[in-house]
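Note that the protein sequences, when read in sequence, are chains A and U. Residues 15 to 157 in my numbering are what the first sequence lists, from first letter to last. Residues 6 to 477 in my numbering are what the second sequence lists, from first letter to last. All residues carry an ideal CB built from backbone N, CA and C; glycine is no exception. Every value quoted in this text rests on a predicted model; they were computed, and no experiment measured them.
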Amino acid sequence: MRSPDRLLWIVAAAPVAVGLFALSLGLGTPAAAWFWPEPATNIAEAAALGDAARMRALAAQGAAVDAALPLRPGLLEGNPPAMSALEAAIQRGEYAVVEVALELWDNPAHQDAVRLYCAAAIRSREIAELLRVRFDLGLGVCR
Amino acid sequence: MTTVPARAWTWSTAVLAAALALGLSWCITHSPPTLYDGLGPILDARASPSAASMWESAWRSAGYWRPLRLTQIKLLVDASADVAVTFTAVHVALTFAAFLLFAAWIRPRSLSEFAAGALALMIVAGHHSLFTLFSEAYPVNHFLEIVVLTLAVGVLARGRPAWWKDLMAPLLLAIGMLTIESGILIGVAAVVFWIVGWRGVSGRGIAAVIAFAVAYLWLRLVVLDIAGPALDERATGWWLSRLEPADIVARFGTNPLPFYAYNVMAALLDVLLSEPRAGTWLITERWMTGSLQPWMIVHLASSTLVTAVMIVALVPAWRRWRQGALTERDRFVLAAFALVTANAGLSFGYVKDEVLSVGAVLYAGGAFASLAALGDRLDQPRVPVLAALMLVCASVLWSSRAAGTFLALQASAYKVATDWAVYSLERELPADWAAPDRRQTFLELRQWSVERGVPHPAFTPQRKVSPYLEIP
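Dropping the structure here:
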């Protein structure tokens with residue numbers, strides 16, 4: 015092969031490699047699974063990550079919203095071993111995620127509601143107020 | 006030595022284009038539809054009694070005049086059993102059309118043209134002005150529609166003349182102009198293609214194109230008095246920062262010309278150099294504050310390299326045009342600069358990536374021709390080292406940008422899925438929440454969106470490569 019032709023094939027190599035990657039995605043090869051892995055988090059882990067879409071998808075499949083589920087390490091400060099989705103959302107401290115968690119589980123027992131509200135009050139006044147109003151709690155229940 | 010037939014290079018480019026379209030379409034099918042610019046039109050379509058009614062109400066809108074855009078959405082909503090699936094299918098079809106039409110338009114016929122064409126396809130897949138065409142569904146991505154229609158005119162123009170092409174060209178222009186304002190660039194492209202010597206659409210067809218464009222402007226500006234978006238329509242970049250609508254009015258309300266001139270300049274450089282971006286000199290600002298990211302250097306270097314090659318090709322092309330001796334490659338280069346300039350001119354009101362998409366795709370066409378010419382010079386005595394270096398660098402840099410598009414689509418999909426999950430229709434659009442059919446449509450779209458299975462970025466390759474790729 016002539017040297018200029020060899021160079022032109024080298025120039026074409028990178029774009030062709032991208033094309034092969036694109037083709038592998040489209041054909042659903044293992045490269046697609048590597049690039050776009052199937053989510054494997056449970057609903058509490060999703061809440062800890064702020065993955066509200068995953069929370070809704072799992073809830074629609076019947077995932078236990080109120081159950082304490084195991085959390086993989088590194089998701090939340092202190093590496094708690096297990097908690098419910100709402101607790102994980104409160105600990106994450108993202109208002110919108112807490113709203114979603116509340117929508118999916120909005121009738122905890124009074125004891126749990128107070129506990130969650132008091133835990134939120136330490137972290138975020140805004141989220142605590144959201145919980146207080148949603149659970150219809152009076153001010154001062156944490157004393 | 007066996008000579009490869011010219012058609013083999015053309016077909017190889019088409020296969021590469023199809024592969025890219027397939028991969029991007031796979032990402033599109035795994036992504037949720039756009040929420041903020043997509044839900045509103047779908048709900049309006051549900052609320053509208055008919056396509057005719059939708060057309061009529063859009064006919065007299067203020068600021069933007071896009072009757073066919075809303076009517077298309079209405080027709081698709083009415084025809085769909087599953088709205089999300091329908092609009093995804095349309096998005097995939099437009100993506101394939103764009104890539105295949107681009108391959109058909111450039112039609113490489115040698116190894117140097119194949120290599121240059123492959124690189125040009127990386128520009129189509131990787132240029133930031135084209136990213137939103139693949140990442141967003143509005144629910145129909147009308148910017149992608151306009152790119153498809155422009156490329157269709159390019160394919161018509163570059164082929165042999167035929168009477169039906171003289172009917173198609175003005176029809177495609179009419180569809181584009183009634184869909185979105187940048188559709189007028191289809192007409193500009195048709196005229197430019199004719200001027201540079203592509204006569205697939207005859208002089209009669211071009212006269213019809215011009216007549217349609219004049220009729221559109223007369224109808225819009227004189228009869229309906231819909232001038233265009235006001236100065237306070239939206240925020241846009243200004244040097245190192247961003248101006249909100251109130252700031253724009255305060256500074257330029259009495260004399261908007263400097264603002265318009267800046268936007269045109271910024272739009273031109275946006276396509277040619279990837280800096281500034283949407284009017285803001287982002288890379289410059291980051292360099293000054295010591296927070297430059299590697300991907301910014303990749304963007305600037307890749308665009309500067311290719312634009313430099315195109316400018317070098319422009320000089321002899323301009324000379325040959327004046328001599329009436331244009332080559333096919335000259336036509337691509339001249340058309341590219343003409344359309345990038347026209348697109349920049351249309352961006353006088355504000356600068357936005359996707360509004361520059363027609364200019365960007367023609368830029369890719371000009372890049373094809375210029376890089377092919379550079380490739381042909383590899384066996385000349387004094388040129389090869391520099392030429393080879395430029396070609397290889399351009400290939401690697403633009404391929405990394407194109408690869409980054411897939412990761413950026415993934416990141417964008419996660420963000421949009423999260424938007425759908427936290428969005429409250431009851432709070433944002435209570436009237437639509439109160440209407441059972443529209444509430445049902447929203448709930449179905451939201452469920453479809455959250456079930457796309459978009460992975461959290463922490464579990465994807467994004468976290469490893471984010472400094473080198475522009476990931477939103």
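query, result
"If you draw a straight line from the alpha carbon of leucine 448 (chain U) to that of histidine 133 (chain U), how long is it in whole angstroms?", "32 Å"
"Spatial neighbours of valine 128 (chain A) within its chain, please: CB distance less than 7 Å, with the 5 preceding and 5 following residues excluded, ordered by chain position.", "Leu151, Val155"
"Does valine 459 (chain U) come within less than 8 Å of chain A when only Cβ atoms are used?", "yes"
"Chain A beta carbons: is any one of them nearer than 8 Å to that of valine 338 (chain U)?", "no"
"Looking only at its chain, what residues have a beta carbon closer than 6 Å to the beta carbon of tryptophan 300 (chain U), apart from the 5 residues adjacent to it on each side?", "Tyr473, Leu474, Glu475"
"Straight-line CA distance for leucine 27 (chain U) to serine 17 (chain U)?", "15 Å"
"With distance defined between alpha-carbon atoms, name the residue in U:Leu222, U:Val201, U:Gly210 nearest to methionine 182 (chain U).", "U:Leu222"
"Compare the C-beta of serine 471 (chain U) with all C-beta atoms of chain A and state if any pair is closer than 8 Å.", "no"
"Tell me the start and end of each unbroken beta strand (DSSP E) in the stretch 240-317 of chain U that is at least 3 residues and wholly inside, in chain order.", "241-243, 246-248"
"Using a Cβ-Cβ distance cut-off of 8 Å, determine whether methionine 69 (chain A) contacts chain U.", "yes"
"From leucine 224 (chain U) to serine 38 (chain A), what does the alpha carbon distance come to, in whole angstroms?", "49 Å"
"When the distance is taken between beta carbons, is threonine 184 (chain U) closer than 8 Å to phenylalanine 139 (chain U)?", "no"
"Tell me the rounded alpha-carbon separation between alanine 162 (chain U) and alanine 62 (chain A).", "56 Å"
"Specify the secondary structure class of alanine 82 (chain A) as computed by DSSP and reduced to three states.", "coil"
"In chain U, what lies closer than 9 Å to isoleucine 24 (chain A) by C-beta?", "Ala120, Ala393, Leu396, Val397, Ser400"
"Taking only three categories from DSSP, how would you classify alanine 74 (chain A)?", "helix"
"With DSSP as the reference, label alanine 142 (chain U) as helix, strand or coil.", "coil"
"Could you give the residue range of the alpha helix (DSSP H) that holds serine 404 (chain U)?", "389-427"
"So, proline 38 (chain U) versus alanine 89 (chain U), is the Cβ gap smaller than 8 Å?", "yes"
"Between which two residues does the alpha helix (DSSP H) holding leucine 145 (chain A) run?", "139-149"
"Starting from the beta carbon of proline 44 (chain A), find every residue of chain U whose beta carbon is closer than 9 Å, and list them in chain order.", "In chain order: nothing, as chain U lies at least about 14 Å away."
"Comparing the C-beta of alanine 372 (chain U) with each C-beta of chain A, is any distance below 8 Å?", "no"
"Spell out whether any CB of chain U is found under 8 Å from the CB atom of glycine 92 (chain A).", "no"
"Measure the C-alpha to C-alpha separation of leucine 2 (chain U) and leucine 126 (chain U) and round it to an integer number of angstroms.", "No statement about residue 2 (chain U) is possible, as the shown extent of chain U runs from 6 to 477 and does not include it."
"Would you call the CB atoms of isoleucine 151 (chain U) and leucine 124 (chain U) closer than 8 Å?", "no"
"Is alanine 440 (chain U) helix, strand or coil when you go by DSSP?", "coil"
"Would you tell me roughly how many angstroms separate the C-alpha atoms of tyrosine 267 (chain U) and phenylalanine 353 (chain U), rounded to the nearest one?", "8 Å"
"Between threonine 465 (chain U) and chain A, is the shortest Cβ-Cβ distance under 8 Å, so that the two count as touching?", "yes"
"May I ask you to list the residues that DSSP assigns as paired with methionine 97 (chain A)?", "A:Leu83"
"If you draw a straight line from the alpha carbon of leucine 361 (chain U) to that of leucine 310 (chain U), how long is it in whole angstroms?", "20 Å"
"By how many angstroms is the C-alpha of arginine 444 (chain U) removed from the C-alpha of arginine 9 (chain A)?", "Coverage of chain A is limited to positions 15 through 157, which leaves residue 9 (chain A) absent and any answer about it impossible."
"Should glutamine 125 (chain A) go down as buried or exposed, given a rule of 16 or more other Cβ atoms within 10 Å for buried?", "exposed"
"Please confirm whether phenylalanine 464 (chain U) and isoleucine 111 (chain U) have their CB atoms less than 8 Å apart.", "no"
"Ignore the nearest five residues each way along the sequence and tell me which others in valine 390 (chain U)'s own chain have a CB closer than 8 Å to its CB.", "none"
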